[in-house]
Amino acid sequence: PLVLGIETSCDETGIGIVRGRTLLSNTIASSMDEHARYGGVVPEVAARAHLEALQPAIDAALAEAGVSLADLDAIAVTSGPGLAGALMVGVGAAKALAVALDKPLYAVNHLVGHIAADILRPIGDSAPETDAAPVEYPTVALLVSGGHTSLLLVRDLTSDVEMLGETMDDAAGEAFDKIARILGLPYPGGPEIDRAAASGDPRAIPFPRGLSRASDMAAHRYDFSFSGLKTAVARWVEQREAAGEEVPVADVAASFREAVVDVLVTKALAACRDHGVPRLLLGGGVIANRRLREVALERAAEAGVAVRIPPLSLCTDNGAMIAALAAELIRSGRPASTLEFGADSTLPVTEIQVAAREAA
Ligand code: ATP
Ligand code: MG
Ligand code: FE
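This is how it looks when you write it as structure tokens:
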């Protein structure tokens, strides 16, 4: 099916078009620059920016894909989770399009969308590590984004996502953003830390690996905690500054990044081992991290686990992943959503689609 996906959960206005598992276009307009001076996304500013960016983004995505609105088989939209005001803009636009064009509408979960990015066969997008073969089930999925850090057992991306564990405090992306601020790097911090870490020594400072000690692993095998790491980095930097010493930004960034990556990969592979599942899907903005991609590929290979990583352009928020998830739902014969849904800012990852029409 030819599906247009609309994503407006945060500060990216994403319009993606897929034909089944093939990516046709992926247009992203970001209001990031407008938020940078506040050090975080300002909800009202994001919502207004979506309103202005939507129509041009839809036009651009259609042009790039070489299709027209009339050609579409369905419209897909993020219902949640995310910023309520921002989500509402996308939901409103999607409903209007679906009604005006008389096309089925699929309202889907943003977080499952991040994982669905792994299904897409990218065209003209270099992703040598991404396997083009269909996803096999069950599979473990590691979702690491700006607001979430979860380990999932996926029996079927369209119908059965089980939460194995999640962060007990900060999300990994949030930790990247906070540490960047401590180091005087601009927002968003993930890419900045990645860049700064390139010339640093990952073993320079032994920062803590949250919930990874044997005693923690018993009770919190699949849970994450990044607040202790954040505090440890902050304290380490403060002590340097108090002593009048220069802060070795590259080493701190590299050591911090290594601690996050180590925990994420270790726990994801533990979940694969425990469940006898030699497959791992990675999804979410933090998967854009170069070290994380590298370590995940290396250690998964050692463990005999097949890992799938979305191309860089499909890691952070985009509309293609939303369209991809809807295309999978259609392929599985799931009914479209009714118009009886809105923005759900706290939609749990286990709710893959909202307002699904009752099967006849
Ligand atoms: P959620 O998906 O949980 O609702 P979100 O949509 O805001 O949150 P994403 O867009 O998936 O989050 O990811 C954004 C996060 O990814 C930010 O915290 C950002 O710092 C982080 N990020 C982006 N690139 C990198 C990178 N190269 N290394 C580490 N983190 C990164
Ligand atoms: Mg974003
Ligand atoms: Fe996201």
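One rule links them: number in our numbering = place in the sequence shown (from 1) + 73.
All C-beta atoms, glycine included, are put in the ideal place defined by N, C-alpha and C.
Item to check | Cut-off 7 Å between Cβ atoms - residues of its own chain near Asp335, not counting five sequence neighbours on either side | outcome: Locating residue 335 in the sequence shown gives position 262, counting from the first residue. Counting only Cβ-Cβ distances below 7 Å, and skipping sequence neighbours, we find Arg282.
Checklist entry - In angstroms, rounded to a whole number, what distance separates the CA positions of Ala143 and His108? => result The residue given as residue 143 occupies position 70 in the sequence shown. The residue given as residue 108 occupies position 35 in the sequence shown. For Ala143 and His108, the distance between alpha carbons rounds to 36 Å.
Item to check | Ser272 versus Ala323, Arg313, Arg308, Arg228, residue with shortest Cα-Cα distance | outcome: Along the sequence shown, read from residue 1 onward, the residue named residue 272 stands at position 199. Considering only alpha carbons, the answer is Ala323.
Item to check | C-alpha gap between Gly406 and Val164, whole angstroms | outcome: Within the sequence shown, numbered from 1, the residue matching residue 406 stands at position 333. Within the sequence shown, numbered from 1, the residue matching residue 164 stands at position 91. If you take the alpha carbons of Gly406 and Val164, they lie about 23 Å apart.
Next on the checklist: Going by DSSP, what residue range makes up the alpha helix (DSSP H) through Glu331?
Outcome noted: On the sequence shown, residue 331 is found 258 positions in, with the first residue counted as 1. Here the alpha helix (DSSP H) through Glu331 covers 322 to 347.
Checklist entry - the ligand ATP heavy atoms versus the CB of Glu424: any closer than 7 Å? => result As a working mapping, residue 424 is identified with position 351 in the sequence shown. No - the ligand ATP has no heavy atom lying nearer than 7 Å to the Cβ of Glu424.
Next on the checklist: By the three-class DSSP mapping on this structure, what secondary structure does Leu365 have?
Outcome noted: Start at 1 with the first residue of the sequence shown, and residue 365 comes out as number 292. When secondary structure is reduced to three states using DSSP, Leu365 falls in the helix class.
Next on the checklist: Taking the straight line between their C-alpha atoms, what separation do you get for Arg366 and Ile360?
Outcome noted: As a first step, residue 366 must be located in the sequence shown, where it is residue number 293. As a first step, residue 360 must be located in the sequence shown, where it is residue number 287. Distance between the alpha carbons of Arg366 and Ile360: 7 Å.
Item to check | Continuous alpha helix (DSSP H) assignments of at least 4 residues falling wholly in the segment 374 to 432 | outcome: 393 to 404
Checklist entry - For Ser410 and chain B, any beta-carbon pair shorter than 8 Å? => result Protein chain content of the structure displayed is limited to a single chain, and chain B is not contained in it.
Checklist entry - Asp390: beta carbon under 7 Å from a heavy atom of the ligand FE? => result Taking the first residue of the sequence shown as position 1, residue 390 is located at position 317. Asp390 Cβ: within cutoff of the ligand FE.
Item to check | Meets three-Cβ-pair contact criterion under 8 Å: the segment 344 to 363 and the segment 380 to 395 | outcome: yes
Checklist entry - With burial defined as no fewer than 16 other Cβ atoms inside 10 Å of the residue's Cβ, what is the status of Asp274: buried or exposed? => result Reading the sequence shown from its first residue, position 201 is the one you call residue 274. So Asp274 counts as exposed.
Checklist entry - Nearest-angstrom Cα distance between Asp229 and Ala167? => result By 1-based counting over the sequence shown, the position of residue 229 is 156. By 1-based counting over the sequence shown, the position of residue 167 is 94. So the alpha carbons of these two residues sit roughly 25 Å apart.
Item to check | Where Ala277 falls: helix, strand or coil (DSSP) | outcome: Along the sequence shown, read from residue 1 onward, the residue named residue 277 stands at position 204. Here Ala277 sits in coil by DSSP.
Next on the checklist: Under 8 Å: do the segment 254 to 269 and the segment 176 to 195 share three or more Cβ pairs, one atom per stretch?
Outcome noted: no
Checklist entry - Roughly how many angstroms separate the alpha carbons of Leu127 and Phe249, rounded to a whole number? => result Start at 1 with the first residue of the sequence shown, and residue 127 comes out as number 54. Start at 1 with the first residue of the sequence shown, and residue 249 comes out as number 176. So the alpha carbons of these two residues sit roughly 29 Å apart.
Checklist entry - Ala379: which of Met394, Arg286, Thr212 sits nearest, CA to CA? => result Position 306 of the sequence shown holds residue 379. Nearest C-alpha to Ala379: Thr212.
Checklist entry - Going by the C-beta, is His183 closer than 7 Å to any heavy atom of the ligand FE? => result Taking the first residue of the sequence shown as position 1, residue 183 is located at position 110. Correct: His183 has its Cβ closer than 7 Å to the ligand FE.
Item to check | Reference Gly93; option with closest CA among Val162, Leu193, Thr81 | outcome: As a first step, residue 93 must be located in the sequence shown, where it is residue number 20. When each option's Cα is compared against that of Gly93, the closest is Leu193.
Checklist entry - Can you tell which of Ala429, Pro408, Ile395, Gly238 has the C-alpha that lies nearest to the C-alpha of Pro154? => result As a first step, residue 154 must be located in the sequence shown, where it is residue number 81. Nearest option by C-alpha distance: Ile395.
Checklist entry - Would the C-beta of Glu247 count as close to the ligand ATP, meaning under 7 Å from any of its heavy atoms? => result Within the sequence shown, the letter at position 174 stands for residue 247. In this structure, Glu247 has its CB closer than 7 Å to one or more heavy atoms of the ligand ATP.
Checklist entry - At which residues does the beta strand (DSSP E) containing Thr222 begin and terminate? => result Here residue 222 is taken as the residue at index 149 of the sequence shown, counted from 1. Element bounds for Thr222: 222 to 229.
Item to check | Close beta carbons around Ala180, own chain, < 7 Å, minus the five adjacent residues each side | outcome: Residue 180 sits at position 107 when you count from the first residue of the sequence shown. The beta carbon of Ala180 is closer than 7 Å to those of Val150, Ser152, Ser410, Phe414, Gln426, Val427, Ala428 in its chain, skipping five residues each way along the sequence.
Next on the checklist: With a threshold of 7 Å (Cβ to nearest heavy atom), would Ser218 be considered close to the ligand ATP?
Outcome noted: For this step, residue 218 is matched to residue 145 along the sequence shown. Within the cutoff, so yes.
Item to check | Identity of the residue in His221, Ala277, Asp242, Ala171 nearest Gly301 by Cα | outcome: Mapped onto the sequence shown, residue 301 falls at position 228. Comparing Cα-Cα distances from Gly301 to each of His221, Ala277, Asp242, Ala171, the minimum goes to Asp242.
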